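Trainee: Take this structure, written in structure tokens, and hold onto it; I'll ask about it next.
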Amino acid sequence: MTNVVTCFLRHRTAVLLGRRSDAVGTYTGRWAGISGYVEGDPADAERDARREVREETGRTDATLVRAGDPVDIEDDGREWTVHPFLFEVDSREVTPNEEIAVHEWVSPPAIRERETVPGLWAVYAAVAPTVETVASDDTHGAAWISVRALEVLRDRAAVADDEAAVASVARALRDARPSMAAVANRVNRVMSGGDRTPGTVRDRAAAAAEAALDADDAAAATAAERCGVSVVTLSQSGTVRAALDRARPAVLIGESRPAREGTDVAASLADAELDVTLTTEAALPAELAARAPDSVLVGADAVLADGSVVNKVGTRGLALAAAREDVPVYVVAAAAKVRPDEAVHGETGDTAALYDGAAPVSVANPIFDRTPADLVTGVVTERGVLDTEGIRAVAAEHRERAEWDGGLEGAGTVSG
1 MTNVVTCFLR
11 HRTAVLLGRR
21 SDAVGTYTGR
31 WAGISGYVEG
41 DPADAERDAR
51 REVREETGRT
61 DATLVRAGDP
71 VDIEDDGREW
81 TVHPFLFEVD
91 SREVTPNEEI
101 AVHEWVSPPA
111 IRERETVPGL
121 WAVYAAVAPT
131 VETVASDDTH
141 GAAWISVRAL
151 EVLRDRAAVA
161 DDEAAVASVA
171 RALRDARPSM
181 AAVANRVNRV
191 MSGGDRTPGT
201 VRDRAAAAAE
211 AALDADDAAA
221 ATAAERCGVS
231 VVTLSQSGTV
241 RAALDRARPA
251 VLIGESRPAR
261 EGTDVAASLA
271 DAELDVTLTT
281 EAALPAELAA
291 RAPDSVLVGA
301 DAVLADGSVV
311 NKVGTRGLAL
321 AAAREDVPVY
331 VVAAAAKVRP
341 DEAVHGETGD
351 TAALYDGAAP
361 VSVANPIFDR
371 TPADLVTGVV
381 TERGVLDTEG
391 IRAVAAEHRE
401 RAEWDGGLEG
411 AGTVSG
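See the structure below:
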């Protein structure tokens with residue numbers, strides 16, 4: 001078989017398609033991703049993928065999101081092994097070369113409506129978000145993951161036979177990350193619209209994903225106004241990161257065990273020329289006291305109906321330290337992160353990461369903790385800064401939307 005790469009560039013929720021020009025030898029006039037031959041070892045196909053992205057779009061800054069398993073395609077006696085790749089870019093600026101006659105950014109289900117190279121939808125599906133990637137993602141924040149969940153609902157609805165199939169996917173997504181309120185709330189919002197036929201859900205999910213990104217951006221803009229010239233944070237939140245990019249304060253950040261995602265955030269902020277200091281969670285309270293920052297800014301995996309906040313473990317300790325030093329604590333989160341109840345769904349890290357010895361030691365390695373409402377100065381959303389009454393009103397909205405499937409699910413909870 002002939003080995004080729006096909007790359008999808010994603011910006012927000014759209015992917016780049018190009019119509020192949022007369023300069024290519026096969027499938028002229030058909031729509032495709034960024035593609036080309038594998039020139040070396042197929043095991044190193046990522047190198048060819050990056051070359052094709054650079055040559056065909058002029059982009060050198062694409063971030064690899066996922067490399068999929070190879071897809072075998074047969075067409076008119078020709079056999080292809082396609083190596084799929086999904087890259088993220090921060091804008092839609094491209095400089096196509098002579099191999100692309102026309103290019104468009106489209107919602108991925110549009111692939112099914114165009115005359116494409118053989119198997120393009122199957123190749124996209126190999127790198128598209130899935131229920132499994134939503135459930136297992138331990139790198140990104142809840143806002144990012146919730147948008148990917150909406151993309152899964154959009155893509156699966158595009159191929160679903162009936163409402164039952166769509167509802168099944170929606171339930172799986174809703175339950176995939178019980179600690180992350182935005183996932184369930186945003187899925188419920190799509191499904192509560194009455195008409196749940198596949199085409200309608202596909203279109204509503206696509207619109208909801210774009211609206212979710214807009215809401216996160218608006219929350220970040222509001223939070224940026226409250227940063228001051230120095231900020232303390234921890235873990236990884238895309239909304240917090242966007243606020244810091246806008247405000248450009250000096251940043252003290254905790255490394256965020258066990259995954260240490262705060263380390264990557266620190267490096268990214270430093271690359272963006274912010275003044276950044278990285279420390280451990282254990283040292284964060286003392287460093288806060290020594291530096292007297294203007295604010296603490298953290299994200300949230302969930303804001304509970306009573307105003308308390310569930311976020312990456314270490315948030316509660318940071319908020320207690322901030323209260324001791326009279327530093328305001330702002331939680332930046334889209335309104336979709338407000339839970340319709342006061343349940344805290346626990347997720348735990350690998351116990352062996354703390355202790356793998358022979359002694360009978362009990363290990364507690366929680367990933368999230370709960371910060372009481374009285375330690376939070378304000379919850380900053382796209383609707384402004386919510387007080388307890390405002391949070392309860394949003395929770396009631398989400399509770400009503402959950403009724404599409406019989407109301408809130410009774411899941412196991414832990415208190416904090």
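Residue numbers (UniProt numbering): 1 to 416.
Ideal Cβ placement from N, Cα and C applies to all residues, glycine included.
Keep in mind the model is a prediction, meaning the values are calculated, not measured.
Can you tell me whether ASN311 is helix, strand or coil according to DSSP?
Mentor: Your numbering for residue 311 matches position 311 in the sequence shown. Correct three-state label for ASN311: strand.
Trainee: What I want to know is whether the C-beta of ALA358 ends up closer than 7 Å to one or more non-hydrogen atoms of the ligand ADP.
Mentor: In the structure shown, the ligand ADP is absent, as is every other ligand, since no ligand is present at all.
Trainee: Rounded to whole angstroms, what's the CA-CA distance from TRP80 to ALA243? Just pull it up for me.
Mentor: Taking the sequence shown and counting its residues from 1, the one referred to as residue 80 is at position 80. Taking the sequence shown and counting its residues from 1, the one referred to as residue 243 is at position 243. The straight-line gap from Cα to Cα measures roughly 45 Å.
Trainee: Among the candidates ARG241, ALA373, PRO249 and VAL361, whose CA atom is the shortest distance from the CA of ASP306?
Mentor: The residue you call residue 306 lines up with position 306 of the sequence shown. Cα-wise, what sits closest to ASP306 is ALA373.
Trainee: Ignoring anything shorter than 4 residues, give me the alpha helix (DSSP H) runs that lie fully in the stretch 337-406, in order along the chain.
Mentor: Here the runs fully enclosed are 388-401.
Trainee: Going along the chain, which unbroken runs of the alpha helix (DSSP H) with 4 or more residues stay wholly within the stretch 236-265?
Mentor: You should have 238-247.
Trainee: Alpha carbons only, please: which of ASP271, ALA286, GLY238 and ARG186 is nearest the one belonging to ALA402?
Mentor: What you label residue 402 is simply residue 402 of the sequence shown in a count that begins at 1. Residue ARG186 is the option with its Cα nearest to ALA402.
Trainee: Apart from the five residues just before and just after residue 443, which ones in its own chain have a Cβ nearer than 7 Å to its Cβ?
Mentor: Only positions 1 to 416 of the chain appear in this structure, which leaves residue 443 out of reach.
Trainee: Could you say which of ALA49, ARG54 and VAL379 lies nearest to ARG226 if we only look at CA atoms?
Mentor: As a position in the sequence shown, residue 226 is number 226, starting the count at 1. Nearest of ALA49, ARG54 and VAL379 to ARG226, Cα basis: VAL379.
Trainee: Give me the Cα-Cα distance between GLY254 and THR2, rounded to the nearest whole angstrom.
Mentor: Residue numbering aside, residue 254 sits at position 254 when the sequence shown is read from its first letter. Residue numbering aside, residue 2 sits at position 2 when the sequence shown is read from its first letter. Answer to the nearest angstrom: the Cα atoms are 48 Å apart.
Trainee: How many Å lie between ALA302 and VAL338 at the Cα?
Mentor: Working through the sequence shown from its first residue, we reach residue 302 at position 302. Working through the sequence shown from its first residue, we reach residue 338 at position 338. Rounded to whole angstroms, ALA302 to VAL338 spans 6 Å at the Cα level.
Trainee: Would ASP294 pass as a contact of VAL229 if the rule is Cβ separation under 8 Å?
Mentor: As a working note, residue 294 is residue 294 in the sequence shown. As a working note, residue 229 is residue 229 in the sequence shown. Yes, these two residues count as a Cβ contact at 8 Å.
Trainee: Quick check on DSSP: helix, strand or coil for ASN185?
Mentor: Taking the first residue of the sequence shown as position 1, residue 185 is located at position 185. Helix, per DSSP.
Trainee: Terminal residues of the continuous beta strand (DSSP E) containing TYR27?
Mentor: Taking the sequence shown and counting its residues from 1, the one referred to as residue 27 is at position 27. That residue, TYR27, is in no beta strand (DSSP E); it is neither H nor E in DSSP.
Trainee: By how many angstroms is the C-alpha of LEU9 removed from the C-alpha of ARG66?
Mentor: Counting from 1 along the sequence shown, the entry for residue 66 is found at position 66. Counting from 1 along the sequence shown, the entry for residue 9 is found at position 9. So the two alpha carbons sit approximately 11 Å from each other.
Trainee: Any chance you could list the beta strand (DSSP E) runs of at least 3 consecutive residues sitting entirely within the stretch 98-125, in chain order?
Mentor: Whole beta strand (DSSP E) segments, 3+ residues: 100-106.
Trainee: For the putative contact between SER153 and ALA205, defined by C-beta atoms under 8 Å, what is the C-beta separation to the nearest angstrom?
Mentor: Translated into positions along the sequence shown, residue 153 becomes position 153. Translated into positions along the sequence shown, residue 205 becomes position 205. Residue 153 is actually Leu in this sequence, not Ser. That pair is a contact at about 4 Å.
Trainee: Can you tell which of ASN311, VAL376, ALA221 and LEU274 has the C-alpha that lies nearest to the C-alpha of MET180?
Mentor: For the purposes of this step, residue 180 is identified with residue 180 of the sequence shown, where counting begins at 1. The candidate whose alpha carbon is nearest that of MET180 is ASN311.
Trainee: Given that a residue counts as buried once 16 or more other Cβ atoms are within 10 Å of its Cβ, and exposed if not, what is ALA272?
Mentor: In the sequence shown, counting from the first residue as 1, residue 272 sits at position 272. ALA272 is exposed by the Cβ-count criterion.
Trainee: Beta-carbon within less than 7 Å of LEU86's beta-carbon, same chain only, minus the 5 sequence neighbours each way: which residues are those?
Mentor: Residue mapping note: residue 86 aligns to position 86 of the sequence shown, counting from 1. Excluding residues within five positions, the ones whose Cβ falls inside 7 Å are PHE8, ARG10, VAL65, ARG66 and VAL127.
Trainee: Rounded to a whole number of angstroms, what is the C-alpha to C-alpha distance between GLY33 and SER136?
Mentor: To locate residue 33, count along the sequence shown from 1; it is residue 33. To locate residue 136, count along the sequence shown from 1; it is residue 136. The straight-line gap from Cα to Cα measures roughly 27 Å.
Trainee: If you follow the beta strand (DSSP E) that GLU79 is part of, which residue opens it and which one closes it?
Mentor: Mapped onto the sequence shown, residue 79 falls at position 79. Its beta strand (DSSP E) spans residues 78-88.
Trainee: According to the Cβ coordinates, are GLU287 and ARG257 closer than 8 Å?
Mentor: Residue 287 sits at position 287 when you count from the first residue of the sequence shown. Residue 257 sits at position 257 when you count from the first residue of the sequence shown. Not in contact: GLU287 and ARG257 (Cβ atoms no closer than 8 Å).
Trainee: Kindly confirm or deny that the stretch 72-79 and the stretch 39-58 touch, where touching means at least three C-beta pairs closer than 8 Å.
Mentor: No: the two stretches stay apart, fewer than three of their Cβ pairs being nearer than 8 Å.
Trainee: Residue range of the alpha helix (DSSP H) that VAL127 falls in?
Mentor: Numbered from 1 along the sequence shown, position 127 holds the residue referred to as residue 127. Careful: VAL127 lies outside any alpha helix (DSSP H) and carries neither H nor E.
Trainee: I need the straight-line Cα distance from ARG260 to VAL106, nearest angstrom please.
Mentor: Sequence index remark: in the sequence shown, residue 260 carries index 260 (1-based). Sequence index remark: in the sequence shown, residue 106 carries index 106 (1-based). About 35 Å.
Trainee: So the beta strand (DSSP E) ASP75 belongs to, where does it begin and stop?
Mentor: Here residue 75 refers to the residue found at position 75 of the sequence shown. Counting along the chain, the beta strand (DSSP E) containing ASP75 begins and ends at 71-75.
Trainee: Could you spell out the range, first to last residue, of the beta strand (DSSP E) harbouring LEU64?
Mentor: Here residue 64 is taken as the residue at index 64 of the sequence shown, counted from 1. First-last of the beta strand (DSSP E) with LEU64: 63-67.
Trainee: If you reduce the DSSP assignment to three classes, tell me which class ALA302 lands in.
Mentor: On the sequence shown, position 302 is the one that residue 302 refers to. ALA302 falls in the strand class under three-state DSSP.
Trainee: Ordered along the chain, which non-local residues of its own chain (more than five positions away) have a Cβ less than 6 Å from that of LEU17?
Mentor: One-based indexing of the sequence shown puts residue 17 at position 17. Only TRP31, GLU104 and VAL106 meet the Cβ criterion.
Trainee: Based on Cα-Cα distance, which residue from ARG20, THR6 and SER21 lies nearest to GLU46?
Mentor: Taking the first residue of the sequence shown as 1, we reach residue 46 at position 46. Nearest of ARG20, THR6 and SER21 to GLU46, Cα basis: THR6.
Trainee: With three or more beta-carbon pairs closer than 8 Å as the criterion, would you say the stretch 393-401 touches the stretch 185-204?
Mentor: The stretch 393-401, when compared against the stretch 185-204, does touch it at the 8 Å Cβ threshold.
Trainee: Please classify ALA292 as buried or exposed, where buried requires at least 16 other C-beta atoms within 10 Å of its C-beta.
Mentor: In the sequence shown, the residue the question calls residue 292 occupies position 292. With fewer than 16 Cβ atoms within 10 Å of its Cβ, ALA292 is classed as exposed.
Trainee: Looking only at its own chain, which residues have a Cβ that is under 7 Å from the Cβ of GLU113, when we skip the five neighbours before and after it?
Mentor: Here residue 113 refers to the residue found at position 113 when the sequence shown is read from its first residue. Here the set comprises nothing.
Trainee: Comparing alpha-carbon positions, which option in ILE100, ALA101 and ALA125 lies nearest ILE111?
Mentor: The count along the sequence shown starts at 1 and reaches residue 111 at position 111. Here the closest residue by C-alpha is ALA125.
Trainee: Quick check: what's the CA-CA separation for ALA49 versus VAL82?
Mentor: Position 49 of the sequence shown holds residue 49. Position 82 of the sequence shown holds residue 82. Near 11 Å, if we compare the C-alpha coordinates of VAL82 and ALA49.
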